[in-house]
Amino acid sequence: MNRYLLPLFIFIALVILLAVGLSLDPRKVPSPFIGKPAPAFNLPQLHDDSKIIKPADFKGHVWLLNVWASWCVSCRQEHPLLMELANSKQVPVYGLNYKDDQADAILWLKQWGNPYQASAFDSAGGTGIDWGVYGVPETFVIDKDGIIRHKHIGALKRSDLDETIMPLVKKLQSAAQG
Amino acid sequence: MQLTKKTIYLLFLFFSTSVYAGVEVHSFANQQQEQQYIKLTEELRCLVCQNQNLAGSDAELAQDLRKQIIEMIDAGKSEEEIIEYMVARYGDFVLYRPPLDQRTFILWVGPFLILLTGLIVLVVFVRRQQHKEKPTLSAEQQVKAKKLLNEEGDE
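So the protein sequences, as listed, match chains A and B.
The C-terminal residue of the first sequence carries number 178 in this note's numbering, and the numbering is unbroken.
The C-terminal residue of the second sequence carries number 155 in this note's numbering, and the numbering is unbroken.
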């Protein structure tokens, strides 16, 4: 009896190990930015080249940075949620328009609605690299001190907003500035 | 007729689209820099198509990161500095050879542990077989066995 029990036990352990492995999402790479200051950038606004956006402008506020592009299919998917969030005025959302054509991007916002207070225009993608962007859309939560607190990769779902991002935003908003 | 058909098919191979995969042309100042570039793009992972390295990936991000590496090499940055730059942005995940620390301990030592376990099991198994007592035959059985063996030999 014992002779069959050991292989069975090893088999069950292996099945559990593989099942856990299969249920992990390989695209969820832990970001090295959590808890670190948001990388600086100095980019023109999408709608007005003469105006500059930089993260330092938002010191003292909790804000979201949403990386998007008109060529990005999943951005369409999360777009209604962002519109809803913007209309609720709970937290300011800024956009980082990543590797896009300026005219296309402006048209995209005109067509579907603009949830952003403003969008930074990163046509070369250099800022994207500085922020470790690799799967547009991405959403960062930045606290009052300019520290990145959370990063979401891929299209936002309602559950992501309700269960993770908004509770975190609320918590950060009630925290005193350090 | 057969031959020409074959030749035509073979010619198609030479013009297959995969031959024209995008390759950026860049000449480095010296051989050493070129080697450094080749080594880095081989060892850094593309975040978009995760099982390809930067050298092998045609994703836009991989192209941008290759460009970034070229710029940094041209600026005289060392290999460590470039790796540090990438790890600061994308984490240890970009490295195909992650550093040895607490989290990666199993990753590095695991295969050797499995090999060692296998060897121990093998040695124990072989030893046990050797120590097994040889079957003893009574005098009567011995005679019978010998007879059987001899019979077979005669055939």
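In this text, a Cβ means the ideal position worked out from N, Cα and C, and glycines have one as well.
Between which residues of its own chain and residue i is the CB-CB distance below 8 angstroms, once the five residues before and five after are set aside?
| i | result |
| --- | --- |
| residue 175 (chain A) | 143, 144 |
| residue 155 (chain A) | 74, 75, 77, 78, 137 |
| residue 36 (chain A) | 147, 148 |
Excluding five sequence neighbours on each side, which residues of the same chain lie with their C-beta closer than 6 angstroms to the C-beta of residue i?
| i | result |
| --- | --- |
| residue 38 (chain A) | 55, 142, 146, 148 |
| residue 75 (chain A) | 68, 137 |
| residue 57 (chain B) | 46, 49 |
Could you check which residue in the options has the C-alpha nearest to that of residue i?
| i | options | result |
| --- | --- | --- |
| residue 55 (chain B) | B:38, B:48, B:64 | B:38 |
| residue 29 (chain B) | B:118, B:74, B:122, B:125 | B:74 |
| residue 112 (chain A) | A:84, A:172, A:34 | A:84 |
| residue 71 (chain A) | A:101, A:91, A:110, A:50 | A:101 |
| residue 32 (chain B) | B:77, B:53, B:46 | B:77 |
| residue 170 (chain A) | A:82, A:63, A:138 | A:63 |
| residue 168 (chain A) | A:157, A:153, A:140 | A:140 |
| residue 81 (chain A) | A:173, A:159, A:172, A:177 | A:159 |
| residue 40 (chain B) | B:53, B:48, B:151 | B:53 |
Count the other CB atoms within 10 Å of the CB of residue i; is the residue buried (16 or more) or exposed (fewer)?
| i | result |
| --- | --- |
| residue 89 (chain B) | buried |
| residue 41 (chain A) | buried |
| residue 53 (chain A) | buried |
| residue 19 (chain A) | exposed |
| residue 51 (chain A) | exposed |
| residue 78 (chain A) | buried |
| residue 51 (chain B) | exposed |
| residue 172 (chain A) | buried |
| residue 97 (chain A) | buried |
Cutting at 7 angstroms between CB atoms, please list the residues of its own chain near residue i, excluding the five before and the five after it.
| i | result |
| --- | --- |
| residue 86 (chain B) | 44, 94 |
| residue 20 (chain B) | Any reading at residue 20 (chain B) is ruled out, since the residue's pLDDT is 46, under 50, leaving its predicted position unreliable. |
| residue 31 (chain A) | 132, 151 |
| residue 86 (chain A) | 93, 115 |
| residue 26 (chain B) | 70 |
| residue 177 (chain A) | 60, 144, 145 |
Beta carbon of residue i: closer than 6 angstroms to some heavy atom of the ligand FMN?
| i | result |
| --- | --- |
| residue 47 (chain B) | Among the components modelled here there is no ligand, and therefore nothing to report on the ligand FMN. |
Worksheet item: Is the number of C-beta pairs between the segment 97 to 109 of chain B and the segment 62 to 69 of chain B that are closer than 8 angstroms three or more?
Response: no
Worksheet item: Do the segment 42 to 50 of chain A and the segment 94 to 106 of chain A meet, that is, are 3 or more Cβ pairs less than 8 angstroms apart?
Response: yes
Fill in: Where the segment 126 to 139 of chain A meets chain B: residues whose CB sits under 9 angstroms from a CB there
126, 128, 129, 130, 131, 132, 133, 134, 135
Discussion item. Can you confirm whether the segment 4 to 20 of chain A touches the segment 117 to 130 of chain A when touching is taken to mean that 3 or more C-beta pairs between the two stretches lie within less than 8 angstroms?
Written reply: no
Worksheet item: Are the segment 76 to 91 of chain B and the segment 136 to 145 of chain B touching, with three or more C-beta to C-beta distances below 8 angstroms?
Response: no
Item to complete: May I ask you to verify whether the segment 12 to 28 of chain A touches the segment 59 to 69 of chain A, counting CB pairs closer than 8 angstroms and requiring at least 3?
Response: no
Item to complete: For the segment 122 to 136 of chain A and the segment 47 to 61 of chain B, state whether three or more C-beta atom pairs, one from each stretch, are separated by less than 8 angstroms.
Response: Contact holds between the segment 122 to 136 of chain A and the segment 47 to 61 of chain B, because three or more Cβ pairs, one in each stretch, are under 8 angstroms apart.
Practice prompt. Quick one: which residues of the segment 31 to 57 of chain A get their C-beta closer than 7 angstroms to a C-beta of chain B? List them in chain order.
Written response: Within the segment 31 to 57 of chain A, those residues whose Cβ lies closer than 7 angstroms to any Cβ of chain B are, in chain order, 31, 32.
Item to complete: Can you give me, in chain order, the residues of the segment 89 to 107 of chain B that have a beta carbon less than 7 angstroms from any beta carbon in chain A?
Response: 89, 90, 91, 93
Worksheet item: Along the segment 7 to 27 of chain A, what residues have a CB closer than 9 angstroms to any CB found in chain B?
Response: 26, 27
Fill in: Residues of the segment 62 to 82 of chain B whose Cβ lies closer than 8 angstroms to any Cβ of chain A, in chain order
64, 65, 68
Discussion item. Beta carbons nearer than 8 angstroms to chain A: which residues of the segment 23 to 55 of chain B have them?
Written reply: Sequence-ordered contacts of the segment 23 to 55 of chain B with chain A read 47, 48, 50 [C-beta pairs closer than 8 angstroms].
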